[in-house]
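Here the structure comes first, spelled out in structure tokens, and everything after it is commentary.
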Amino acid sequence: MIPEKQIRLLPPELQNQIAAGEVVERPSSVLKELIENALDAGATRIRIQIRDGGQSCIKISDNGSGIPEDQLELAVTRHATSKLENLQDLQQIKSFGFRGEALPSIASVSRFRIASARQDGEGGVLEVLHGRILRQDKTAMPKGTDVEINDLFSNVPARLKFLKKPGTETRKCAELVARIALANPHVDFELINAERSVHRFLAGQDLVQRLAAIWPKEVVESLHGVSYMDGPLSIHGLVGDPAMAQGRPDRIFVYVNSRPVQDKTILSAIREAYRGRILGKEYPQAVIFMEIPPDEVDVNVHPAKTEVRFQDDGAIFRIIRRAVLQTLERNAHQTQTSDLAQPLSVSQVHTSLPVMEPPVFVPGLINSKAGQDSYTYDQDWPQKFSSSAAAQKLFEASDSALPEARPAEDVQATRNSLTEANTSKAQAPAGVQYLGQFAQTYLILAAKDEITLIDQHAAHERVLFNMLRAQGSRRDRRPLLLPLEIPLHPAQATLAQEIWTKLDELGFSLELAPGLLMLHSIPALLTPSKAKEFLQDILTDKATSMEDLWAVMACKAAIKAGDKLTPDEALALVDSWQHLPEKNYCPHGRPVALRWGISDLEKLFKRRP
Ligand code: ADP
Ligand code: MG
41 MIPEKQIRLL PPELQNQIAA GEVVERPSSV LKELIENALD AGATRIRIQI
91 RDGGQSCIKI SDNGSGIPED QLELAVTRHA TSKLENLQDL QQIKSFGFRG
141 EALPSIASVS RFRIASARQD GEGGVLEVLH GRILRQDKTA MPKGTDVEIN
191 DLFSNVPARL KFLKKPGTET RKCAELVARI ALANPHVDFE LINAERSVHR
241 FLAGQDLVQR LAAIWPKEVV ESLHGVSYMD GPLSIHGLVG DPAMAQGRPD
291 RIFVYVNSRP VQDKTILSAI REAYRGRILG KEYPQAVIFM EIPPDEVDVN
341 VHPAKTEVRF QDDGAIFRII RRAVLQTLER NAHQTQTSDL AQPLSVSQVH
391 TSLPVMEPPV FVPGLINSKA GQDSYTYDQD WPQKFSSSAA AQKLFEASDS
441 ALPEARPAED VQATRNSLTE ANTSKAQAPA GVQYLGQFAQ TYLILAAKDE
491 ITLIDQHAAH ERVLFNMLRA QGSRRDRRPL LLPLEIPLHP AQATLAQEIW
541 TKLDELGFSL ELAPGLLMLH SIPALLTPSK AKEFLQDILT DKATSMEDLW
591 AVMACKAAIK AGDKLTPDEA LALVDSWQHL PEKNYCPHGR PVALRWGISD
641 LEKLFKRRP
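Residue 649, in the numbering used here, is where the sequence shown stops; the numbers in between run on with no holes.
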């Protein structure tokens, strides 16, 4: 007998605590919401103080418009906002906020105080503890708003455990403040950590002056300006010289309508523009601002608002790539002539690299044109991101090849999927010869005037990722006769609950038991052992966006480096991969193919000056 349970509306503080799971991940996400509120209020001076990485205390004061005393309670009520009135407004968002969720969420997981005044003199103050209002009063203060947050997550131990060391959280806060400051040069920002000033950005500084405060001098001095218009779209910013490329992607900042975003389309377009100019494992510096009519971009994708969705991803990719490429080509001229005039210096050649690494600087690769009848990689990018019929077949075929939960057979499943997709008719693209597999990892292709190495794992990942994305939420699931069990840490259980519906969309049917996650069905694309690995990985790495989940799933289902492929399998893979618009990068942004034209080889062998 299952006891009958009443359906009940949750009390508001619990609703807010649930919403907080998505809006406030860590102190820097709290800070982001508060700074954006101050900017939305028209502040020109924003002062921030933090302690213990923001966990024990975050204070922020601004000189913005303030909140009327009688509306303070509304400000901490869910879905209450002054920035939006109807659906039409939502499609034309110009403010940072609009969901009316941040303050109530933050106030539900902390000790929270907000004081605000519309004019110098008298204002109101409101105190909240874990979502319950404790006190409301009048207070004397200058025009603006002060928010103070203490003991963040003290009532959510699972979240507290996810926080990194205070030093790391402080660094994330400092990065966040700098990132926002770069897009708002008219605003004076100050960040103080435990009484010590971390950042001071004076109002009226330009982008280069603000960057000089956070990046090394030689990097800032190497930056080239980007300025590009395409219809209603405009792009401006700064990009680093290829010679200054670095090993980490931590100096790439992208803004859409002044909003800092993490956008894979724009990031891969920037990398694509540098292709052939820097090493596959290097990253450029870039600060890119894109202005786009608000109705062509959806900012309401995730509560944290760091993701956006474009009406036409393909067009955005092409335009960003072109904008950056134009700047690089304009500035490459000087570098190129001086390189030719004198031999490369040791530091330019990167002596520590193994011999098989691609050249440091290969001019002309991007625009190299193969003959009419041969296989060109650099056709114009198609309008929409779609997958080829071959990719579709490849994907479907991998559905039907699900073996027992034995890792050795995982490999076989994927391999079957490769050949079944194209039966035995797999052929190299016209004018291209498949020369074989190197190191059981790279496929070697030769065209009339170009040789290409393809990373088989990265290429297959790209194929599967695009398939997953194209299929939307209609995911096939594979029921398991005996449920699989994964031991879970309580924090992981919380995370699993947060992404429950996404996991369901992917094809998982799951059940939570104390300390355990039970798998009743799994996505048809994965074998049981890979499905287990998938869940363990995402719950450890905290992958939460759909894109992240697809990327991890594609990675798990793809053939690996070291898998020996028959020529048919290799050609089937190349065939599915070659038409994908983002084929040059795997979903994690690593390059999939490296190419050398005849003139590149002639230069490398010094057959020609
Ligand atoms: P949203 O920003 O999505 O509207 P929030 O929960 O962040 O939702 O804030 C709720 C409301 O409180 C805002 O719409 C705004 O009217 C007011 N508010 C919040 N912070 C400030 C501030 N620093 N200055 C003026 N008004 C503010
Ligand atoms: Mg807000």
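Here a beta-carbon is modelled for each residue, glycine too, at the ideal position from N, C-alpha and C. Since this is a predicted model, take the numbers as computed values, not measurements.
Residue i bridges to which residues according to DSSP?
i: M330; result: I275 and V296
i: Q176; result: L166
i: G637; result: E490
i: V337; result: F350
i: R315; result: I318
i: L644; result: BP columns for L644 are empty, so no partner.
i: L130; result: The partner list for L130 (beta bridge, DSSP) is empty, contrary to what the question assumes.
i: A372; result: Per DSSP, none; premise fails for A372.
i: E525; result: M558
i: L231; result: I88 and H239
i: V301; result: V294
i: L483; result: Q477 and I494
Helix, strand or coil for residue i per DSSP?
i: G104; result: coil
i: R139; result: coil
i: C213; result: helix
i: D353; result: helix
i: N190; result: strand
i: L49; result: coil
i: R87; result: strand
i: V632; result: coil
i: D246; result: coil
i: L384; result: Confidence at L384 is low in this model, with a pLDDT of 28, below 50, so the placement of that residue should be treated as unreliable; the coordinate-derived value is given next. DSSP places L384 in coil when its eight states are reduced to three.
i: N56; result: helix
i: P256; result: coil
i: R153; result: strand
i: D516; result: coil
i: I42; result: coil
i: V364; result: helix
i: L114; result: helix
i: S96; result: coil
i: D450; result: Note on D450: pLDDT 49, under 50, position unreliable in the model; no value is reported.
i: G171; result: coil
i: G207; result: helix
Does any heavy atom of ligand 2 sit closer than 7 Å to the C-beta of residue i?
i: E551; result: no
i: E73; result: yes
i: E53; result: no
i: A470; result: no
i: A60; result: no
Starting from residue i, trace the alpha helix (DSSP H) in both directions and tell me its first and last residue.
i: D608; result: P607 to W617
i: Y474; result: Not the alpha helix (DSSP H): Y474 falls in the beta strand (DSSP E), residues Q473 to F478.
i: S549; result: Looking at the DSSP string, S549 is not in any alpha helix (DSSP H); the run it does join, the beta strand (DSSP E), is S549 to A553.
i: L124; result: That residue, L124, is in no alpha helix (DSSP H); it is neither H nor E in DSSP.
i: S569; result: P568 to D581
i: D588; result: M586 to A597
i: D544; result: W540 to L546
i: R199; result: P197 to F202
Hey, could you find the ends of the beta strand (DSSP E) residue i is sitting in?
i: M558; result: L556 to P563
i: A283; result: That residue, A283, is in no beta strand (DSSP E); it is neither H nor E in DSSP.
i: L79; result: Element bounds for L79: not the beta strand (DSSP E) but the alpha helix (DSSP H), P67 to D80.
i: V503; result: Per DSSP, V503 belongs to no beta strand (DSSP E); it is in the alpha helix (DSSP H), Q496 to A510.
i: V64; result: Counting along the chain, V64 falls outside any beta strand (DSSP E), and DSSP gives it neither H nor E.
i: Y268; result: H264 to D270
Is any heavy atom in ligand 1 found nearer than 7 Å to the beta carbon of residue i?
i: P182; result: no
i: L130; result: no
i: R299; result: no
i: T346; result: no
i: T185; result: yes
i: S105; result: yes
i: A218; result: no
i: P334; result: no
i: D102; result: yes
i: K123; result: yes
i: R153; result: no
i: R158; result: no
i: R139; result: yes
i: A363; result: no
i: P144; result: yes
i: A81; result: yes
i: A594; result: no
Quick one: is residue i near chain B, going by C-beta distance under 8 Å?
i: E501; result: Of the chains in the structure shown, none is chain B; there is only one protein chain.
Next item on the list: Measuring from each Cβ to the nearest heavy atom of ligand 2, keep the ones under 5 Å and list them in chain order.
Entry: N77, G137 and A142
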